[in-house]
Amino acid sequence: MSLVADLRAVLGSDRVHSHPLQVRVYNKDAGVTSGEVLAAVLPETTQEVAACMRVAKGHGVPVVPRGTGTGLAGGAVPVEPALLLVMTRLDPPWEVDHLSRCAWVGAGALNLDISRDLAHLGLHFAPDPSSQAACTIGGNVGTNAGGPHCLAEGLTVAHILGLEMVTADGDVVVLGGAAPDPVGLDLRGVVVGSEGTLGIVTRVLVKLTENPPAVRTLLMTFDEIEHAAATVSAVIAAGIIPAALELMDQAMVVAVERFLKADLPVEAAGILIAEVVGLDEAVAAEAAIIERIGREEGATSVRIAADEDERALLWRARKSAFGAVAQAAPNYYLHDTAVPRTALVDVIKKIYEIGDRYGVGMLNVYHAGDGNLHPLVAYDANEPGKAEQVKAAADEMVRVSIEAGGSLTGEHGVGLEKRDLMHLVFDPIDLDAQARLRGAFDPNGLLNPGKVLPRGSRCSEFGMLPEVGE
Amino acid sequence: MIRQELARLAGSLFADPIPDAPDAEFTIAPKTAEDAAAVLGFAATNGLRILFWGGGTHQAMGYRVEPDIIMSSAQLDAVADWQPEDLTVVVQPGVRVTDLEARLEQGNQTAVLPEDAGSATIGGVIAAGISGWRRLRYGPSRDRMLEVRLATGDGRLVRGGARLVKNVTGYDLPRLVAGSFGSLGMITEMCVKLWPSPARLAMVRVDDPERALARAYRPLALIETPAETVVYLAGSEQEIAAQVLRVGGEAESGHRWPEPLVGNTELILRVEPSATSMWAATMRKIDVDFQAAYGVGEIRFVADGIEPEELNRWRTSVERMGGAMVVSRVSDDFYLDPWGAAPTSVGLQRRVKAAFDPRRVANPGILPGGI
Amino acid sequence: MVPTQAQLDACVACGLCLPHCPTFRLTGDEVASPRGRVVAMGAVATGEIPSDDVYAGMLSFCLGCRACEAACPSLIPFGLMLEGSREQLARGDSSVEGKMRRLLVGRVLNMRWMLKMATLGIALLQRFRVVGLLPKRLRSIRGLRRQRLIASRSVQPAGDGSGSIALLTGCVMNEWFPEVHEATRGVLETAGFTVDAPPGQQCCGALAAHEGAGDAARRMAERNVAAFSGYDIVVADAAGCSAHLKEYGEWAEGGESVAGRTRDITEFVAELIADDKLPRSEETRGQVAVHDPCHLRHAQRIVAAPREIVRAAGYEPVEIDPDGLCCGAAGLYMVYQYETADQLGERKKSEIKATGTRLVVSANPGCEIQLRSHLDGDYTVLHPVELYWQSVR
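Protein chains in written order, with this note's numbering: chain S, 1 to 470; chain B, 1001 to 1371; chain V, 2001 to 2393.
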């Protein structure tokens, strides 16, 4: 039987898409690459996922998992023609353990829904990528998603207690759980951030964080970006780890203002959004320190959000950055690199300089507290030679980041986008070790092939892994 | 023959046998990562087994390893690169936890490593997955791992992660190595994430731990022992005052952590956090010395005097709920499986082990499932 | 020709529209998402993919609620693009059902005698209690108000152009919801306006536009542009109509002018209350659940106004749904896609039930029908202006 027929035998016809228009709609995520989808299936249960995996394995067809397709690194885009496992329907009723502060949710649950629907328990899910209203927890696990509040709370991996996963063989394993320190090798840490290459995560035990009693959100404006970056360093040096420290440059603020019309300070060279959470007393004191430091470093204005509405507006401004840019030009390239915080000012300067040199306009937003940079280039691919200039500028920006002690990606993942740059940060032995780790999970190379590791990461002389008999 | 070859390769690294360590033909203390890798590679080629040794504080955990070589981290004891402004520090595994924390404290920073570390090394506590009391607030010690350099079981020097607080480039080897009990190889260097030290420390004794846990906002720890239940707080003076108001009771300045348990057999229950109270009550009822960490789900207790059948019943009961009962140390005269039931992912774990240590050199058999 | 290449290119596939789309929420399927539909429109426009049944199915499954527009940072005019694509599909559609539907929305809605006959039929069905026996598709008839057998209260055309406000009397509004017009007129007259129902006006053409009956929609728009000329303000008390009037620039010459002069009754009355031109009730009367019609909330971004009117009427507005997900009415959708409409209707019913209140306001007739057909007889559904009129007159 054909692949599609076998899949229909498992899921019925409605949840197996193979019509050219249907697969066309699934051939890209929110990034810039597209691929070939043989069929897109929408399983509803872990068993169905396992059955689809076995069908794919039987046909030797690669499998690419997909959430809502908001990823930017091409993680959900097939490199070679593949079966797309759409995980959005893996959303059974949640099992919430209020006292243990955790909940089992399906991989298809939306990130923001978790926080919204558990607000009445005084709990939320801390990782808050800008796409949180649309992205799935499964996707967050795949990329080890970040977001502004990861500065104090850590990336997604720090909030995952357990995973239920379908392996490359079509078996189901459970890693971890609500009890601390699972016995044996802790595989949760490698599966989170593995971008669908080690298994298909079907359920997730998320750690829930207490909603803080008080929040203060500050908006500071600066005449020079360097002053804003210096403020960030000084705040950390003062022993404060704010809940978030986000920097946006003028070009970005202007674009967002066009969309939101929220009276944002479009004359500032850069703005810093700082947020502190905790007890009222702590929050007031920390906000005061941050304000003092900001002024010492040259802030031209400091404003504290007066109420929840104003705070929500500031965050809306920050999180609309990516989309607002879409109005600026038909095409865009969103960078994501991470550098040591101390290198931030220097790297920012170099990035502007690269932009000037290649004649590419940039809008910038940074998770400044973490040293995570998101230069965003808006351009028109129809302009002759522009796309090449943008790519060349992008490569140079990555190199500059690495030279400053940084790495390829702070939160979006390697995917396809940065796969061929892995050799800039890892030597062949490192890449081989990662390839062997991957081979332990997926000996046949059917799980999202072509992602994360460049071709030829496995040193050919090592061959297949010996089985550990016992 | 092998002895001669090894002497030729690593003679300058030979060290005196370590007291308390199992008998082994050789005791080697590499000075560099390359040394470690060379010895591991040699062992892999010649079918030798290696047991890694740090401060010797957690060697009683796990299945017995019968090593040919004891590899000590004593000479890998440098603090290589402390970047306070980036909140990172690069250390070698042999650095003592107490030494590192003392040094970091001078810069008002902490790596939030186990508080009663004794002679424990950072390599040891990370490899053994030991997290300390403050994990309720800061997360387990694996959350501190940013980058690792590992000499694998077959002698490769592998790096994973990066010296950055935020990074998702490639697979998270630092996290995999945490809690791996040396089964993948020897950590030769690691970069860990730091936190600023809080301005003030305080403790409040309470009567009702669950109520206190619900009332306190992100305390560092909430620990019950037979003598008392204490909420551990940190922050500015005003913050602490506010916290104390919420929790109720009187505050005492500073942190006094529970003394290490005294007994021949010390076991650790790992349960879902909401079950902590039930287990603490069980311990209290039968008059057992224990330390229960609320909000975490870890209960350490002295098992001397508890019937093995009872302990096995407890173990079965917690395993059914997805938890475990593991041995921290056990007296020689009774046998209790150090780990309990092997996890269902053991097949995958074996393959991961084989990816790093195909010849089963590194602490072979220490983890469940023959890993 | 809509959708234009620029409109299609504007989508950067960020996916922020997805969680706001009811069909995506129900299915988790990109094929049933705004982003997917934009991709499909683009692929068909370039000829990459043929315009076939699968494509038609994708577009007809869309509710046209435009919640995606409100969430789109690239400001993509999805509603207009959908209408344009449906019109293109309609041109190639010779099916009997398609032709009947377009006839219904393009012609029948303007035939008063046909509407009156339908009203009589419905009134009889209601009295003989056989509404429950209707085929599933027509169950929405259950949601209609009780219709009179004789002596209709619909608004007769009147006005010589001297009135300050032109009221769009509309097609089904006038026949099946004349009380809303009465309230509208009453409230506006209280504020000192004179209200004309200009003769020569027609159905606004919204349903025709949504169905792809483009020529009919253009024809109706032209007639209405003429009928409303000379009035400073054009008021519609059905959100679907006011939303469509505000887009008349796309449908007729001179339409831009009507668009600029159009107000939905809720935004207008809220302004009048804020300016103290209309009274506020002193009483506290209890809670009212506020339902946001898609064409009010998403298409016109009017959210606060109905709530302010409820408050001014002496009630406390209660929220049903933070996302404003479509109730499933969507014009004829509740007839032709009744299974999906049913799912959404049930969802909305649960949300309303959860509020504990029995009073619901909705500023659109289609929504009112859908809500009433899912809620049981204990609930009262009316237009916010009706509620206000009842409490301050």
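All C-beta atoms in this analysis are idealised placements derived from N, C-alpha and C, irrespective of residue type, glycine included.
How would you call residue i, buried or exposed, if buried means at least 16 neighbouring beta carbons within 10 angstroms?
i	result
V2130 (chain V)	exposed
N140 (chain S)	buried
H2210 (chain V)	buried
Q2370 (chain V)	buried
A2304 (chain V)	exposed
K2277 (chain V)	exposed
S13 (chain S)	exposed
K2136 (chain V)	exposed
T2046 (chain V)	exposed
D309 (chain S)	exposed
G2192 (chain V)	exposed
R458 (chain S)	buried
L2375 (chain V)	buried
A1331 (chain B)	The amino acid occupying residue 1331 (chain B) in the given sequence is Ser; Ala does not appear at that position. Answer is exposed; the Cβ neighbour count stays below 16.
L2133 (chain V)	exposed
G2339 (chain V)	Looking at the sequence itself, residue 2339 (chain V) is Glu, so the reference to Gly does not match. Exposed is the call here.
Q132 (chain S)	buried
Assuming residue i and residue j make a contact with CB atoms under 8 Å, what is their CB distance in whole Å?
i	j	result
P1093 (chain B)	P1022 (chain B)	At roughly 20 Å, the Cβ-Cβ gap does not stay under 8 Å, so P1093 (chain B) and P1022 (chain B) are not in contact.
S401 (chain S)	V347 (chain S)	6 Å
N7 (chain S)	G199 (chain S)	Inspection of the sequence shows that residue 7 (chain S) is occupied by Leu rather than by Asn. Wrong, their Cβ atoms sit about 19 Å apart, outside the cutoff.
E1147 (chain B)	M1190 (chain B)	7 Å
L373 (chain S)	L334 (chain S)	Actually they do not touch by this definition, with Cβ atoms about 11 Å apart.
R2285 (chain V)	G2314 (chain V)	4 Å
G2079 (chain V)	G2064 (chain V)	7 Å
A1037 (chain B)	A1151 (chain B)	4 Å
Going by DSSP, name the residue or residues bridged to residue i.
i	result
F1014 (chain B)	B:I1028
Y1294 (chain B)	Paired residues: none, contrary to the question.
G270 (chain S)	S:F222, S:D249
P1196 (chain B)	B:Q1109
M1145 (chain B)	B:V1192
E281 (chain S)	Bridge partners of E281 (chain S): none, in fact.
H2383 (chain V)	The partner list for H2383 (chain V) (beta bridge, DSSP) is empty, contrary to what the question assumes.
F1301 (chain B)	B:L1267, B:F1290
Compare the C-beta of residue i against all C-beta atoms of chain D and say whether one is closer than 8 Å.
i	result
I1371 (chain B)	Protein chains in the displayed structure are S, B and V, and chain D is not among them.
### Task
With 9 Å as the C-beta to C-beta threshold (strictly closer), list the residues of the region 2004-2030 of chain V near chain S in chain order.
A2006, D2009, A2010, C2011, V2012, A2013, C2014, G2015, L2016, C2017, L2018, P2019, H2020, F2024, T2027, G2028, D2029, E2030
### Task
Name, going along the chain, the residues of the region 58-82 of chain S whose beta-carbon falls closer than 7 Å to a beta-carbon of chain V.
T68, G69, T70
### Query
Residues in the region 1262-1282 of chain B with C-beta within 7 Å of chain S's C-beta atoms, listed in sequence order?
If you check each beta-carbon in the region 1262-1282 of chain B against every beta-carbon of chain S, the ones closer than 7 Å belong to R1270, V1271, E1272, P1273, S1274.
### Message
Closer than 7 Å between beta carbons: that is the criterion. Which residues of the region 10-26 of chain S meet it against chain V?
### Response
H17, H19, P20, L21, Q22, R24, V25, Y26
### Message
If we require 3 or more residues per run, which beta strand (DSSP E) segments fall completely within the region 290-370 of chain S?
### Response
Runs found: 299-304, 331-334, 362-367.
### Message
Please give the ranges of any alpha helix (DSSP H) in the region 370-456 of chain S, keeping only runs that are unbroken, at least 4 residues long and fully inside the region.
### Response
The region 370-456 of chain S is shown to contain whole alpha helix (DSSP H) runs of 4 or more residues at 386-403, 428-441, in chain order.
### Query
What are the start and end residues of each continuous alpha helix (DSSP H) run of 4 or more residues lying completely inside the region 2267-2342 of chain V, in chain order?
The qualifying runs are 2294-2297, 2304-2312, 2333-2336.
### Task
Mind checking the region 1334-1353 of chain B against chain S and listing, in chain order, the residues whose C-beta falls within less than 9 Å of any C-beta there?
Flagged, chain order: W1339, G1340, A1341, A1342, P1343, T1344, S1345, V1346, G1347, L1348, Q1349, R1350, R1351, V1352, K1353.
### Query
Unbroken beta strand (DSSP E) runs of length 3 or more, entirely within the region 193-231 of chain S: which are they?
200-207, 214-222
### Query
Quick one: complete beta strand (DSSP E) runs, 3+ long, within the region 1072-1142 of chain B?
Within the region 1072-1142 of chain B, the complete beta strand (DSSP E) runs of at least 3 residues are 1079-1083, 1088-1091.
### Query
What residues in the region 108-128 of chain S bring their beta carbon closer than 9 Å to a beta carbon of chain V?
G108, L110, L112, D113, R116
### Query
What are the complete alpha helix (DSSP H) segments, minimum 4 residues, inside the region 45-109 of chain S?
46-59
### Task
Check each residue of the region 223-241 of chain S: if its Cβ is closer than 9 Å to any Cβ of chain B, include it; give the result in chain order.
S233, I236, A237, A238, G239, I240, I241
### Message
Output needed in chain order: residues of the region 387-412 of chain S with a Cβ under 8 Å from some Cβ in chain B.
### Response
G405, G406, S407, L408, T409, G410, E411, H412
### Selection of the region 243-271 of chain S by Cβ proximity to chain B, strictly under 8 Å
Listed in sequence order: no entries.
### Task
Name, going along the chain, the residues of the region 125-152 of chain S whose beta-carbon falls closer than 9 Å to a beta-carbon of chain B.
T143, N144, A145, G146, C150, L151
### chain S contacts from the region 2289-2322 of chain V (Cβ-Cβ distance under 7 Å)
none
### Residues from the region 436-448 of chain S in contact with chain B, defined by Cβ distance under 7 Å
R436, L437, G439, A440, F441
### Task
Identify each residue in the region 313-344 of chain S for which the Cβ-Cβ distance to at least one residue of chain V is less than 7 Å, and report them in chain order.
S320, F322, G323, A324, A326, Q327, P330, Y332
### Residues of the region 2061-2083 of chain V whose Cβ lies closer than 7 Å to any Cβ of chain S, in chain order
P2073, S2074, L2075
### Task
Let me know the beta strand (DSSP E) ranges lying completely inside the region 2161-2224 of chain V, each 3 residues or longer, listed in chain order.
DSSP runs (the beta strand (DSSP E)) wholly in the region 2161-2224 of chain V: 2165-2167.
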